[in-house]
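K.L.:
I have a structure here, written as structure tokens, and I will follow up with some questions on it.
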Amino acid sequence: MSSTPRDGRDPSARVYAPDFLTELFRNPLDPGYEDAAARRREVPPSRWRRLAARPVSVVVILAIGFLFAVAYRETVAEEPSRAKARAGLIAEIKQRESETDRLTARADQLREEVSRQRDAALGDSQASRLRNLEAATGLARVRGDGVVVRLADAAADKNAVTGADAGPSRVLYSDLQKVANALWAAGAEAIAINGQRLTATSTIRSAGEAILVDYRPVTGPYEVAAIGPGSMRDRFDDSRAANLMREVAKTTGLSFGVKDAEDLTLPAAPQPRLRYAEPSVSPSPSPSGSTSSRSTSPGPSGSGTSPSPSGGGR
Numbered sequence: 006m007s008s009t010p011r012d013g014r015d016p017s018a019r020v021y022a023p024d025f026l027t028e029l030f031r032n033p034l035d036p037g038y039e040d041a042a043a044r045r046r047e048v049p050p051s052r053w054r055r056l057a058a059r060p061v062s063v064v065v066i067l068a069i070g071f072l073f074a075v076a077y078r079e080t081v082a083e084e085p086s087r088a089k090a091r092a093g094l095i096a097e098i099k100q101r102e103s104e105t106d107r108l109t110a111r112a113d114q115l116r117e118e119v120s121r122q123r124d125a126a127l128g129d130s131q132a133s134r135l136r137n138l139e140a141a142t143g144l145a146r147v148r149g150d151g152v153v154v155r156l157a158d159a160a161a162d163k164n165a166v167t168g169a170d171a172g173p174s175r176v177l178y179s180d181l182q183k184v185a186n187a188l189w190a191a192g193a194e195a196i197a198i199n200g201q202r203l204t205a206t207s208t209i210r211s212a213g214e215a216i217l218v219d220y221r222p223v224t225g226p227y228e229v230a231a232i233g234p235g236s237m238r239d240r241f242d243d244s245r246a247a248n249l250m251r252e253v254a255k256t257t258g259l260s261f262g263v264k265d266a267e268d269l270t271l272p273a274a275p276q277p278r279l280r281y282a283e284p285s286v287s288p289s290p291s292p293s294g295s296t297s298s299r300s301t302s303p304g305p306s307g308s309g310t311s312p313s314p315s316g317g318g319r
């Protein structure tokens, strides 16, 4: 039986086209460039062409140098104005900070004066009960023994390939949430983060890379101070949050430590904004006799905002 194809061609004479990727890697130079280089080697440019190319090169170099000179001059000319604007912003920030500190101190003095006037107007038992309620709700300064939990970002690390910063492993807002909740569960009576007192309505969130406690920024290292019973330290050390943070610190280099503290003083929280309940309006019945189909059930307990703010968790 003959193996010759029906069209009569010899299989051994068949020509196979090279694979595109193989040919690209074997001959990366475009054939047109190679032909142009070969022509220049065979037929050198004329003397007139060589002479005409020199002024063009000089003009191009002068133009590029002029552009660099203009850019440098503009940069140097604008530097004093930028430095002046930066200095003005720094001075304004410092002025606002000093003004805020002065107003805060004045508010504390007025609060103490109001407390003295109130205690003088009330009886001893009523004044004592009110002070205990203020301490429990975070509206009064408290003192006592407790623990301090310290968290800090890991040191910046360099990428071995690109040389850019690969980290650092940062403390997340959710880490502070876990630590604060674990301290409450361990029996804490009062908690403050970097001097910001926590109350029943406090929020710990993130805005970009900043961490906000009650919408006030706090920076690392973060110290979560808690006043509570003597067993609070042991109960916190056995909590899931403490075990998780120890594991994170071991794997990422993040700093996490717990220590006992005596005679802690936690400041009072700002006065809350009072809200008053109002009677709800009864929904009007629809023509079919049924009320509106919109659900009136409340949302998740303890949150009127998005349950997952910007940021991340572990």
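For what it's worth, the working numbering labels the leading residue of the sequence shown as 6, then goes sequentially. We treat Cβ as the ideally placed atom computed from N, Cα and C, and that holds for glycine.
Which parts of the segment 229 to 301 are runs of the beta strand (DSSP E), unbroken and 3 residues or longer, counting only runs that do not cross its ends?
P.N.:
The segment 229 to 301 contains these whole beta strand (DSSP E) runs: 260 to 271.
K.L.:
Using a 10 Å radius around the Cβ and a threshold of 16 neighbouring Cβ atoms, would you call glutamine 100 buried or exposed?
P.N.:
When all chains shown are included, glutamine 100 counts as exposed.
K.L.:
So who's on the other strand from alanine 195, going by DSSP bridges?
P.N.:
Paired residues: Ile232.
K.L.:
Mind listing, in chain order, the continuous alpha helix (DSSP H) runs of no fewer than 4 residues lying wholly within the segment 105 to 157?
P.N.:
Those alpha helix (DSSP H) runs which fall completely within the segment 105 to 157 and span 4+ residues are 129 to 142.
K.L.:
Hey, how far is the Cα of serine 295 from the Cα of alanine 282?
P.N.:
With a pLDDT of 48 at serine 295, under the threshold of 50, the modelled position of that residue is not reliable, and the figure given next carries that caveat. Those two C-alpha atoms are separated by around 27 Å.
K.L.:
Run through DSSP, which three-state label would proline 222 get?
P.N.:
The answer is strand: DSSP assigns proline 222 an E or B state.
K.L.:
Using DSSP's beta-bridge definition, name the partner residues of isoleucine 216.
P.N.:
Answer is Ser211, Val223.
K.L.:
Could you please give the first and the last residue of the uninterrupted alpha helix (DSSP H) stretch that includes proline 49?
P.N.:
Looking at the DSSP string, proline 49 is not in any alpha helix (DSSP H), and its letter there is neither H nor E.
K.L.:
How close, in whole Å, do the beta carbons of valine 176 and asparagine 199 come, if the pair is a contact with beta carbons under 8 Å?
P.N.:
With 8 Å as the limit, valine 176 and asparagine 199 do not qualify as a contact, their Cβ atoms being about 12 Å apart.
K.L.:
Starting from alanine 4 and walking both ways along the alpha helix (DSSP H), at which residues does that stretch end?
P.N.:
No statement about residue 4 is possible, as the shown extent of the chain runs from 6 to 319 and does not include it.
K.L.:
I believe glutamine 201 touches valine 218 by the beta-carbon criterion, under 8 Å. Please report the beta-carbon distance rounded to the nearest angstrom.
P.N.:
Their Cβ separation, rounded to whole angstroms, is 4 Å, which keeps glutamine 201 and valine 218 in contact under 8 Å.
K.L.:
Is the beta carbon of phenylalanine 241 sitting closer than 7 Å to the one on alanine 191?
P.N.:
Cβ distance < 7 Å, so phenylalanine 241 and alanine 191 count as in contact.
K.L.:
On the three-pair Cβ rule with 8 Å, is the segment 147 to 157 touching the segment 258 to 272?
P.N.:
As far as the Cβ criterion goes, the segment 147 to 157 touches the segment 258 to 272, which means the pair count is three or higher.
K.L.:
Hey, isoleucine 209 and glutamine 182 are a contact pair by Cβ (cut 8 Å); roughly how many whole angstroms apart?
P.N.:
The pair is a contact, with the Cβ atoms about 5 Å apart (cut-off 8 Å).
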